[in-house]
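Everything below concerns the one structure shown next.
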Amino acid sequence: MNLPLRVIDHGTGVTSVAPVLSVSGLTKSYDGRTILDGLDFVIAERQSTALIGANGSGKSTLLRCLIRLTEPTEGRIDMLGQNVTALPPRDLRRFRAEVGIVWQRHNLVPRISALSNVIHGVQSRMSGPRSWFQALAPANVRDEAMACLDRVGLADRAVARVDSLSGGQQQRVAIARMLMQRPAFILADEPDASLDPQTGEEVMALLLGLVREEGLSLLMISHRLEHTLRFSDRILGLSQGRITLDQPTGRANAADLRRFFDHPEAR
Amino acid sequence: MTTLSVPAPPRFRPMGLVNYAALLLVLGLIVSSLAATAPALDKLWRGLARLFSPSGLLTQMFPPDFSRIEPISWKLLETLQMAVAGCFLGLILAVPFAILATDRLSPHPLVRHAARAVIALFRTVPDLVWAIIFIIIVGLGPAAGVMAIMVDKIGFAGRFFAEAMEETDPGPQDALRAIGASRLGMIVSAVFPACLPSFTATSLFALEKSVRGSAALGLVGAGGIGVELKVAFDLFNYDEALAIILLMLALVIAVEQGSGWIRRKLI
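Those sequence lines, one after another, are chains A and B. Take the first sequence: its position 89, counting from 1, is numbered 89 in this note's numbering, and each next residue is one higher. Heads up: take any position in the second sequence, counting from 1, add 267, and you land on this note's numbering.
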């Protein structure tokens with residue numbers, strides 16, 4: 001069983017808090033093959049949790065199941081006070097609006113500006129043409145989008161086409177779009193995977209800043225041991241569809257963690 | 268000579284009885300079709316000789332007669348207007364049909380099959396037949412031509428628009444779906460910008476096709492320059508007919524050159 005629900009208070013030690021995410025008995029099978037095998041874990045709010053595991057261990061499937069982009073086969077997910085597994089489609093859409101996702105590939109819309117892409121984030125709470133493109137957006141939405149771009153250091157590239165930006169800049173635009181959602185919880189699927197080491201570090205620091213400064217909760221798939229140790233409060237290790245490691249990062253031993261990574265440099 | 272340890276394979280793989288029968292059937296179809304419908308060589312030769320005789324069609328066509336250039340030019344303008352109006356309406360209406368016919372965007376498989384069937388019907392029936400049908404509905408004149416072009420373009424563009432939407436990267440659509448965007452928001456914000464080059468190219472080809480098609484629609488009474496051409500042939504004014512054909516050719520070439528220029532600029 002997992003450790004008791006705790007969040008690391010960097011000043012005084014350990015404090016118990018209510019869970020922002022609670023998963024019980026989560027199972028996902030494809031064609032008779034079990035990808036996730038009855039997972040149980042909880043995550044506290046205002047915490048950065050790293051999910052680690054070798055390729056094919058089910059990390060991305062788990063993330064997709066949490067917001068039902070992939071439907072779980074069995075089990076229950078409670079996130080942000082809602083039973084996600086029981087939500088009807090309309091409520092599921094509303095629930096997803098509260099969860100920001102940073103994808104491995106930025107998944108921005110090509111051929112349009114960075115600002116328009118960030119404004120798409122407002123579609124979590126606004127529909128219609130005013131949320132489609134920056135030219136149609138009301139002034140307050142444009143201002144908020146500019147503030148989000150400023151938060152990731154790209155306000156000066158607002159009108160640039162996203163496909164003209166570097167990989168790191170595109171990932172930061174994706175984070176700005178996620179901020180535009182005003183999420184309470186962030187899921188990040190290897191946000192540094194396609195970036196060079198320095199840019200990857202900047203992106204990870206940006207995400208951790210959102211946890212520390214904005215009080216958001218973060219569950220991120222991490223494929224770099226060094227980033228796992230530097231940018232998380234807690235580590236969950238996934239192996240063959242099961243949680244086989246769950247401990248605060250401060251107590252983690254790098255040598256123990258290597259088995260969860262595929263990269264030779266991590267081993 | 269080199270001695271091979273393994274002999275070279277046979278040049279042709281042996282055919283089974285079914286394949287032989289299929290081959291014979293295809294050959295029989297080709298030969299019987301040619302025998303039943305292709306012109307006899309002697310007849311063709313006599314016809315070509317008549318074409319160039321002093322009273323022949325080609326001799327009477329030269330020099331072209333541009334004395335009625337003003338009314339012909341107005342009809343030419345009407346032809347272009349029919350093409351533009353019909354093409355515009357067809358392209359606009361092709362978009363919803365294409366969305367409904369797309370695997371990823373259609374709300375239900377039954378709707379998808381129905382939309383594909385309608386697009387196939389619109390595409391399969393020739394525009395001249397649509398023109399005759401719309402003449403019965405709205406009477407002789409350009410309105411019938413516009414309706415015929417519109418339906419033909421729904422069939423033409425609907426198919427290509429749907430293919431373009433099928434081929435787009437699903438990542439940005441997934442990202443907006445995860446944000447909680449509505450289906451319409453996702454289509455307009457993520458799918459349309461990605462399909463813009465393909466939509467533009469298809470629309471310009473549709474316009475070229477419409478101009479070529481609208482010139483012929485007048486032959487059945489659906490307005491445009493075709494009416495003038497039919498009257499010229501009916502009254503044996505072959506020199507005027509050549510003038511009309513040359514002006515039609517100029518219009519088609521101008522539209523093709525114009526759309527080619529736009530395509531190069533936009534894509």
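Cβ coordinates follow ideal geometry from the N, Cα and C atoms, glycine included. Predicted model, so just to flag it, every value in this text is computed and none were measured.
- At least 8 Å separates the CB of G81/A from every CB of chain B.
- With respect to the C-alpha of W397/B, the residue from G422/B, Q440/B and F428/B having the closest C-alpha is G422/B.
- If you keep only unbroken beta strand (DSSP E) runs of at least 3 residues inside the stretch 52-139 of chain A, you get 74-79 and 99-102.
- Close CB contacts of D163/A within its chain, under the 6 Å cut and outside five residues either way in sequence, are with P110 (chain order).
- At the C-beta level, V478/B and L347/B come within 8 Å of one another.
- Taken in chain order, the unbroken stretches of alpha helix (DSSP H) that lie wholly in the stretch 314-382 of chain B and span 4 residues or more are 324-328 and 336-367.
- Contact of N253/A with chain B by beta-carbon distance below 7 Å is absent, the smallest such distance being about 35 Å.
- From the beta-carbon of L69/A, the residues of chain B found nearer than 8 Å are D441, R444 and A445.
- Within the stretch 105-125 of chain A, the residues whose Cβ lies closer than 7 Å to any Cβ of chain B are, in chain order, R105, N107, L108, V109, P110, R111, I112, H120, G121, Q123 and S124.
- For L474/B, not one C-beta of chain A is nearer than 8 Å to its own C-beta.
- The stretch 324-340 of chain B and the stretch 497-511 of chain B touch, with three or more beta-carbon pairs separated by less than 8 Å.
- Assignment of P19/A by DSSP, reduced to helix, strand and coil, places it in the strand class.
- Put simply, of L225/A, V99/A and T249/A the residue whose alpha carbon is nearest the alpha carbon of P197/A is L225/A.
- If you keep only unbroken beta strand (DSSP E) runs of at least 3 residues inside the stretch 205-258 of chain A, you get 217-221, 234-239 and 242-248.
- Sixteen is the threshold: since fewer than 16 other Cβ atoms of the shown chains lie within 10 Å of the Cβ of Q524/B, the residue is exposed.
- A365/B has its alpha-carbon roughly 27 Å from the corresponding atom of R68/A.
- The Cβ-Cβ distance between V23/A and D40/A falls below 8 Å.
- Listed along chain A are P129 and W132, each with a C-beta nearer than 8 Å to that of V455/B.
- The beta carbon of H106/A sits closer than 6 Å to those of Q170, Q171 and A174, all from its chain and outside the five residues before and after it, given in chain order.
- In this structure, G121/A sits near I446/B, with a CB-CB distance shorter than 8 Å.
- Secondary structure at T34/A: strand, using DSSP grouped into helix, strand and coil.
- Boundaries around L484/B are those of the alpha helix (DSSP H), F459 to L484, since no beta strand (DSSP E) includes it.
- The criterion of a C-beta distance shorter than 8 Å is not satisfied by I52/A and G209/A.
- Residue state for G25/A is assigned as strand, using DSSP reduced to three classes.
- Excluding its 5 nearest sequence neighbours in each direction, S222/A has C-beta neighbours in its own chain below 6 Å: A50, I52 and T228, listed in chain order.
- Approximately 6 Å separates the beta-carbon atoms of I399/B and V487/B; this is inside 8 Å, confirming the contact.
- Look at the stretch 36-61 of chain A: it has no residue with a C-beta under 9 Å from a C-beta of chain B.
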